[in-house]
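Visitor: Mind having a look at this structure? Questions to follow.
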């Protein structure tokens with residue numbers, strides 16, 4: 014089964030936007046559950062579209 018960009022988008026949003034640690038961990042788990050190679054191929058354009066990378070909080074969560 015091929016993952017969808019919606020799955021990655023929702024994982025990124027959960028991992029990077031909330032301030033609640035439980036939600037951040039949940040988002041990271043969603044991203045980690047996807048095939049690594051696929052994530053690496055799709056994460057950059059989605060992160061640019063979904064996240065506010067000029068926001069320190071969201072940018073730091075993405076780097077983690």
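Residue numbers (the working numbering): 14 to 77. Every residue gets a Cβ at the ideal spot worked out from N, C-alpha and C, and that includes glycine.
1. Hey, out of 22, 20, 37, 45, whose CA is closest to residue 74's CA?
2. Taking the straight line between their C-alpha atoms, what separation do you get for residue 35 and residue 46?
3. Over the uninterrupted alpha helix (DSSP H) stretch that includes residue 67, give me the two end residues.
4. Judging by CA-CA distance, which residue of 42, 33, 54, 51 is the nearest neighbour of residue 70?
5. Can you name, in chain order, every residue of its own chain whose Cβ lies under 8 Å from the Cβ of residue 31, other than the five neighbours on each side?
6. Alpha carbon to alpha carbon, how far is residue 23 from residue 52?
Guide: Reading from the atomic positions:
1. 37
2. 16 Å
3. Counting along the chain, residue 67 falls outside any alpha helix (DSSP H), and DSSP gives it neither H nor E.
4. 33
5. 37, 40
6. 13 Å
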